[in-house]
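With the numbering used here as the guide, the letters of the sequence shown map in order to residues 682 to 1079. C-beta atoms are modelled at their ideal positions from N, C-alpha and C, and glycine is treated no differently. Working notes, structure below.
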Amino acid sequence: RRILDGRKMSKNLCFLAAINPYRLRTGKVKSIGLQAKLNTEDPMRQLVYRVHLLPQKVMDYVWDYGRLTDKDEHAYIDKMLSCSLIPHLETELVFASQKFIREEDDECTVSLRDVWRYKKLCNWFYSIRSKRENQLEVKNKGNNICQLLLWIYNASQLQSSRHFQSNESKNDLKEIAIILALAHCYFFRLPTKKQRSKYIICICNVWRSKLAWTKTNNPLCADIFLGIINAEQLSYVERMHVPDHLGAVAWNASLMENVFCLIVCIVNRIPAFLVGKPGCSKTLAMQLIFENLRGKDSNFPELPCLFEQRYQCSEDSTSEGIEAIFKTAKRKSERDGNDVTHVVLLDEIGLAEISRHNPLKVLHDRLDPFSICNKACRENRHIDNLPYAVIGISNWAL
682 RRILDGRKMS KNLCFLAAIN PYRLRTGKVK SIGLQAKLNT EDPMRQLVYR
732 VHLLPQKVMD YVWDYGRLTD KDEHAYIDKM LSCSLIPHLE TELVFASQKF
782 IREEDDECTV SLRDVWRYKK LCNWFYSIRS KRENQLEVKN KGNNICQLLL
832 WIYNASQLQS SRHFQSNESK NDLKEIAIIL ALAHCYFFRL PTKKQRSKYI
882 ICICNVWRSK LAWTKTNNPL CADIFLGIIN AEQLSYVERM HVPDHLGAVA
932 WNASLMENVF CLIVCIVNRI PAFLVGKPGC SKTLAMQLIF ENLRGKDSNF
982 PELPCLFEQR YQCSEDSTSE GIEAIFKTAK RKSERDGNDV THVVLLDEIG
1032 LAEISRHNPL KVLHDRLDPF SICNKACREN RHIDNLPYAV IGISNWAL
């Protein structure tokens, strides 16, 4: 009848909608983090997407276009990375990574958005490491924190990463940037050591088969892969000042990984959700980051100054409350410019997921840099990313 709220709609209006499928998970529900709070009887936890079944009258108008075939996905990745650092090598590595994550988790876990994130981070790592190499000076050799970190990590891993970088050439920097971007987009999302070990083997095999494309003929093995990541984490952690009110801080592997991942996501304004049981340094990592990233007067002058926009989620959270904090962050970001990054921190976001108001439905539009709500800000500032950074902290998998 084409009637909306009692009024007839124009005949030249055409409606299009993109929807997520109502589909059951093929494997077990993720058991990352705390389990006691989860409502295991919630039927929506068995779904890939938290959506309701479409009305029967609408089903006649639904077109299921499925997913890309492997051949098409490879072609898309090849096109997206055609202007990257080492295009042919990166195409094979990213394609293998996409396939690995899909096999380990679910086919909807990765998409071409991950390829876009990889490309963005690869260029960023190459740029920032190139600047660091030009300004590199050996400082604070006797620093106690550095000694502790070197004790934590296997010396052979760090030695392997130094061997990988021994030529100090631009090609080495490119290859290191590729490894760091792969680690950030794919490696760190894997929850178990077994899965991470399998991923490293997968990447090393692809790297070995395409060694001719690396130009430097640097081999890659697990020790080198982990050593490069650990060395990069050290470069951030060793510059961090621990304020007195935080007390004594143990720089363990979990805290170092959290700090590193969050800093990279915040600076590049890529949304990140940190999941883990209480006591695994999620909140501490954010506190250290906010204390240290203070702009040009801090130990990180090359990184922007951060301002926190916190929203404490609960079982009574509403979509209006979450939208309000995003609007505040967007308004302040437009006012302050690129030297300042406002960080929307959604603390205990797992509680909002079980809210009867379903408040997280507004996140999709707010986390997409190309959405309508972020279009004006993006055009005014000539950027292709979000006007703010977004971090979510949860005690269990969403």
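**Item:** DSSP-derived helix/strand/coil call for R748
**Value:** Along the sequence shown, one-based indexing puts residue 748 at 67. Of the three classes helix, strand and coil, the one that applies to R748 here is coil, per DSSP.
**Prompt:** Are V1021 and Y1069 close, meaning C-beta to C-beta below 8 Å?
**Reply:** Translated into the one-based positions of the sequence shown, residue 1021 becomes position 340. Translated into the one-based positions of the sequence shown, residue 1069 becomes position 388. Against a cut-off of 8 Å, the Cβ pair of Y1069 and V1021 comes out as no contact.
**Range covered by the alpha helix (DSSP H) that runs through F776** = Translated into positions along the sequence shown, residue 776 becomes position 95. Looking at the DSSP string, the run of the alpha helix (DSSP H) that includes F776 is P768 to E785.
**Message:** By the DSSP assignment, the alpha helix (DSSP H) with L1027 in it spans what residues?
**Reply:** Walking along the sequence shown from the start, residue 1027 turns up at place 346. That residue, L1027, is in no alpha helix (DSSP H); its beta strand (DSSP E) goes V1021 to D1028.
**Asked** Taking just the CA atoms, how far does D1046 sit from K738?
**Response** In the sequence shown, residue 738 corresponds to position 57, counting from 1. In the sequence shown, residue 1046 corresponds to position 365, counting from 1. Approximately 27 Å, taken between the alpha carbons.
**Message:** If you reduce the DSSP assignment to three classes, tell me which class C866 lands in.
**Reply:** Locating residue 866 in the sequence shown gives position 185, counting from the first residue. Residue state, collapsed to three classes: helix.
**Request:** Identify every run of the beta strand (DSSP E) within the region 915-987, keeping only runs that are complete inside it and at least 3 residues long; order them along the chain.
**Result:** 953-956
**Message:** My assumption, with CB atoms under 8 Å, is that V1108 sits in contact with C803. Please give the rounded CB distance.
**Reply:** Past the edges of the chain, shown from 682 to 1079, lies residue 1108, and the structure says nothing about it.
**Request:** Locate the alpha helix (DSSP H) running through V1071, then write down its first and last residues.
**Result:** Mapped onto the sequence shown, residue 1071 falls at position 390. Looking at the DSSP string, V1071 is not in any alpha helix (DSSP H); the run it does join, the beta strand (DSSP E), is A1070 to S1075.
**Prompt:** Is any heavy atom in the ligand SAH found nearer than 7 Å to the beta carbon of G960?
**Reply:** Judged by which ligands are present, the structure shown has none, so any question about the ligand SAH falls away.
**Message:** Using C-beta distances below 8 Å, list every residue in its chain close to N809, excluding the 5 sequence neighbours before and after it, in chain order.
**Reply:** In the sequence shown, residue 809 corresponds to position 128, counting from 1. As written in the sequence, residue 809 is Ile, which differs from the Asn given in the question. So the list reads E983, once near-sequence residues are dropped.
**Asked** Since N804 is in the alpha helix (DSSP H), which residue starts that stretch and which ends it?
**Response** Your numbering for residue 804 matches position 123 in the sequence shown. Counting along the chain, the alpha helix (DSSP H) containing N804 begins and ends at L793 to N815.
**Request:** Could you check if R889 is buried or exposed, using at least 16 other CB atoms within 10 Å of its CB as the buried criterion?
**Result:** As a working note, residue 889 is residue 208 in the sequence shown. The residue is exposed, with fewer than 16 neighbouring Cβ atoms inside 10 Å.
**Request:** Using the Cα positions of R683 and N1066, report the straight-line distance between them to the nearest angstrom.
**Result:** For the purposes of this step, residue 683 is identified with residue 2 of the sequence shown, where counting begins at 1. For the purposes of this step, residue 1066 is identified with residue 385 of the sequence shown, where counting begins at 1. Roughly 38 Å separates the two Cα atoms.
**Buried/exposed call for M740, threshold 16 Cβ in 10 Å** = Reading the sequence shown from its first residue, position 59 is the one you call residue 740. Counting Cβ neighbours within 10 Å, M740 comes out exposed, since fewer than 16 surround it.
**Prompt:** Is it the case that the Cβ atoms of L770 and K891 are separated by a distance below 8 Å?
**Reply:** Translated into the one-based positions of the sequence shown, residue 770 becomes position 89. Translated into the one-based positions of the sequence shown, residue 891 becomes position 210. In this structure, K891 lies closer than 8 Å to L770 by Cβ.
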